[in-house]
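**Q** Numbered by the working numbering, the letters in the sequence shown go through residues 1221 to 1737 in order.
Glycine is no exception: its CB is placed at the ideal position from the N, C-alpha and C atoms.
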Amino acid sequence: MDNLSTKDFEKVFVSTFAGDHSGNLQPRQTPGVLYSKTNPTPVAKPALLAWSEDLAAELGISEPNEQDVQILSGNMRTPSMYPYANCYAGHQFGNWAGQLGDGRAITLGEWPVSEKGSIELQLKGAGPTPYSRRGDGRAVLRSSIREYLMSEAMHYLGIPTTRALALVATGDQVLRDMFYDGRTAFEPGAIVMRTAPSFLRFGSFEMLAARQETAQLQQLTDWTIDQFYPHITAENKTISWFKEVLDRTAALIVEWLRVGFVHGVMNTDNMSVLGLTIDYGPYSFLDDYDPNFTPNTTDLPGRRYAFGRQHTVAYWNLGCLASAIAPLFENTDELSAALEDYKTIYLEKYYRMMGNKLGLDAIREGDHLLIDDLEETLDRIKPDMTIFFQLLITLPADADAEVILQHFQPSFYQEPEQESQDKLISTLSSYLSRIRRNEISAEASKTLMRANNPRFILRNYLLHQAIQEMEKGENTLFLKLQEAMKTPYSADHDEFFKLRPEWAITQPGSSTLSCSS
Ligand code: AMP
Ligand code: MG
């Protein structure tokens, strides 16, 4: 175990690629470079609010002392650090947005973790960078709590994600227009230290393509493969790599669908080339099952990033990545073909995942129809997704119509009308007869279901309540949630196993959220 303030950091990324070393924080375009040197801006009164013990143990980082807290708040840096902001571009809501870059994220350095490589330690909310555009480079407490808890919760759910090591209150106030309606207010500021092997995004590659810096595009691609995909040894590494990014992205979306996660801002600058969930903003879990639900108020008009559209947006985003790396190919036929395989790859993973959720021994003939039918039924009745699937685990094998209706009652937000009741009964009767054809034991089937259906999810209203408490200096609920999220598949935290309360539907921050953070 080492302290943040004493161990030497590595700086492979900054010593490999062209950077802007001026230290100038003036917002500007930075052609020719992949990053800009950016020192964090000091804050008034740092206070450690949360520390991820498990992650710290994994990385070999000791419990923070006073000096370490200064590092976590951007007030101190050690000689081996070379803090920088990444330069990347992206498509936002389907439109080319040009250069974006880390407007409020600053990587301090790479923390060596055994031979397996290193982990980037990055501060989010540590002050302006050359990519802050009109922003202040800061983050408010509410959005920092959301990123801190949710990225860790995703990890414990078994879903690829960036992680969060620490949450620090800055003691400074940050001005925000939370509802985008001119009601600006000061809010407490905070900083999250987040970690990942790399924060490179689809947009990192798009930027080099847009600037026609082909040599650097080749270099970044080769380096990414070398560092993070070392198992790729094929002759044409680039195409194998793209196929694997595509595969990981499809797998990630399927994992989101498994637990009912909606990212909310799937812009190409928020898509990790490592297939991680990245950039936690106005995300949400589904309460009631609604494929059309988007938690992002900016997304309401088009619902581009709604729950049920995430797999098609991923495909669209992969298309942007394919276009970005196209200049590296003499002939792009293979690249186009790889992209066109997405649908098959995604659907195969999707049905397999649903099969696991349903406790099926394998995907057999007729199972696609059963799964499609279940989806329609859920969309129609809109029960609580998490509660519904938990109840499915305990549905008696011989349940008749009456028992079925009674059994799922606790998952209903609204009493289904007659036709929907009939549909539920017919879907679940087919399901039960399919379960009888399983070639695994009933117990094995239930074990599969328990492993694939979370019982505890970090619902937005719970986060909202925890945030309200934290803003008053009270961390009881925060700590409870932090504990509960570590064992999301167990029944250890059933005080949270209930329907979303009525008030949460209309309460801002509890159902929908703006990007103001
Ligand atoms: P996001 O939608 O959160 O991924 O952010 C989109 C872009 O806006 C990224 O380039 C962010 O770094 C930048 N950004 C968001 N909030 C701020 C802020 N408060 N200050 C500076 N840049 C920001
Ligand atoms: Mg982002």
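CB of D1499 to nearest heavy atom of ligand 2: below 7 Å?
**A** Yes, ligand 2 has a heavy atom inside 7 Å of this Cβ.
**Q** For S1272 and E1694, what's the separation of their Cα atoms in angstroms?
**A** Going by the C-alpha atoms only, they are around 18 Å apart.
**Q** Enumerated in chain order, which unbroken segments of the beta strand (DSSP E) with a length of 3 residues or greater are wholly contained in the region 1399-1455?
**A** 1405-1416, all fully within the region 1399-1455.
**Q** Given 8 Å as the limit, is there contact between the region 1382-1402 and the region 1420-1429, that is, 3 or more CB pairs closer than that?
**A** Cβ pair count under 8 Å is below three, so no.
**Q** With DSSP run on the structure shown, which of helix, strand or coil describes G1693?
**A** DSSP places G1693 in coil when its eight states are reduced to three.
**Q** Identify every run of the alpha helix (DSSP H) within the region 1513-1543, keeping only runs that are complete inside it and at least 4 residues long; order them along the chain.
**A** Qualifying alpha helix (DSSP H) stretches: none in this window.
**Q** Out of curiosity, what's the CA-to-CA distance linking L1648 and P1511?
**A** The straight-line gap from Cα to Cα measures roughly 20 Å.
**Q** Under the criterion of a Cβ to heavy atom distance below 7 Å, does C1735 qualify as lining ligand 4?
**A** Annotation note on ligand 4: not contained in the displayed structure, which lists ligand 1 and ligand 2 as its ligands.
**Q** Helix or strand or just coil, what does DSSP make of E1596?
**A** DSSP places E1596 in helix when its eight states are reduced to three.
**Q** Where DSSP assigns a beta bridge to K1257, which residues make up the other side?
**A** Answer is Y1304.
**Q** Check the C-beta distance from G1252 over to E1433 and give it rounded, since I have them as a contact under 8 Å.
**A** That belief holds up - the Cβ atoms of G1252 and E1433 are roughly 7 Å apart, short of 8 Å.
**Q** Within its chain, find whatever has a CB closer than 6 Å to the CB of E1475; leave out the 5 residues flanking it on each side and keep chain order.
**A** Closer than 6 Å at the Cβ level, and outside the excluded window around E1475, lie I1379.
**Q** What separation, rounded to the nearest whole angstrom, lies between the Cα atoms of R1584 and A1471?
**A** Distance between the alpha carbons of R1584 and A1471 is about 21 Å.
**Q** Taking 7 Å as the line, does the beta carbon of N1673 fall inside it for any heavy atom of ligand 2?
**A** Because no heavy atom of ligand 2 lies under 7 Å away, the Cβ of N1673 does not count as near it: no.
**Q** Can you find the residues in the same chain that come closer than 6 Å, C-beta to C-beta, to A1325, ignoring five residues on each side of it along the sequence?
**A** Cβ neighbours of A1325 beyond the five flanking positions: Q1342, K1344.
**Q** Grab the span of the alpha helix (DSSP H) containing S1556 for me, first residue to last.
**A** 1553-1560 is the extent of the alpha helix (DSSP H) around S1556.
**Q** What I want to know is whether the C-beta of D1587 ends up closer than 7 Å to one or more non-hydrogen atoms of ligand 2.
**A** False, no ligand heavy atom lies under 7 Å from that Cβ.
**Q** Could you give the uninterrupted runs of the beta strand (DSSP E) lying entirely in the region 1700-1730, keeping only those of 3 residues or more?
**A** As far as the region 1700-1730 is concerned, it has no whole beta strand (DSSP E) run of at least 3 residues.
**Q** Whose CA, out of N1306, Q1727, Y1308, I1291, lies closest to the CA of S1300?
**A** S1300 has its Cα closest to that of I1291, out of N1306, Q1727, Y1308, I1291.
**Q** Any heavy atom of ligand 2 closer than 7 Å to the Cβ of D1510?
**A** The answer is no for D1510.
**Q** For the putative contact between S1293 and P1332, defined by C-beta atoms under 8 Å, what is the C-beta separation to the nearest angstrom?
**A** The Cβ separation is near 23 Å, so there is no contact.
**Q** Report the option in A1542, P1515, H1375, A1359 whose CA atom is closest to the CA atom of G1409.
**A** Minimum Cα distance to G1409 is reached at A1359.
**Q** Can you give me the C-alpha to C-alpha distance between N1259 and R1362, rounded to a whole angstrom?
**A** Each residue's alpha carbon lies about 24 Å from the other.
**Q** How would you label P1674, buried or exposed, when you count the other beta carbons within 10 angstroms and need 16 or more for buried?
**A** Buried, since its Cβ has 16 or more Cβ neighbours within 10 Å.
**Q** Look at T1199 and V1479 and say whether their C-beta atoms are less than 8 Å apart.
**A** Residue 1199 is absent from the model: the chain starts at 1221 and stops at 1737.
**Q** With a threshold of 7 Å (Cβ to nearest heavy atom), would A1325 be considered close to ligand 1?
**A** Yes; taking the cut-off as 7 Å, the Cβ of A1325 has a heavy atom of ligand 1 nearer than that.
**Q** Can you give me the C-alpha to C-alpha distance between T1497 and I1655, rounded to a whole angstrom?
**A** Whole-angstrom Cα-Cα distance: 33 Å.
**Q** Per DSSP, A1386 forms a beta bridge with which residues?
**A** Partner(s): W1271, M1413.
**Q** When you measure from the CB of D1356 to every non-hydrogen atom of ligand 2, does any distance come out below 7 Å?
**A** The answer is no for D1356.
**Q** Using the DSSP secondary-structure output, state which residues sit across from R1396 in a beta bridge.
**A** In DSSP, R1396 forms a bridge with A1405.
**Q** Suppose the cutoff is 6 Å on Cβ atoms and the five residues either side in sequence are ignored; what does the same chain contact list for K1227 look like?
**A** Taken in chain order, the list of residues that qualify is empty.
**Q** Alpha helix (DSSP H) containing I1326: first to last residue?
**A** Segment 1325-1332 is the beta strand (DSSP E) holding I1326; no alpha helix (DSSP H) there.
**Q** Cβ of R1320 versus every heavy atom of ligand 1: is any distance shorter than 7 Å?
**A** The question names Arg, but residue 1320 in the sequence shown is Leu. Checking the Cβ of L1320 against ligand 1 gives yes.
**Q** Which whole-angstrom value describes the C-beta separation of A1542 and L1559, a residue pair presumed to lie in contact below a C-beta threshold of 8 Å?
**A** About 5 Å separates the two Cβ atoms, so the contact holds.
**Q** Roughly how many angstroms lie between the CA atoms of G1337 and Q1447, to the nearest whole one?
**A** Straight-line Cα distance between these residues: approximately 8 Å.
**Q** For T1415, tell me which candidate among Y1570, I1445, R1383 has the shortest Cα-Cα distance.
**A** Comparing Cα positions, the closest option is R1383.
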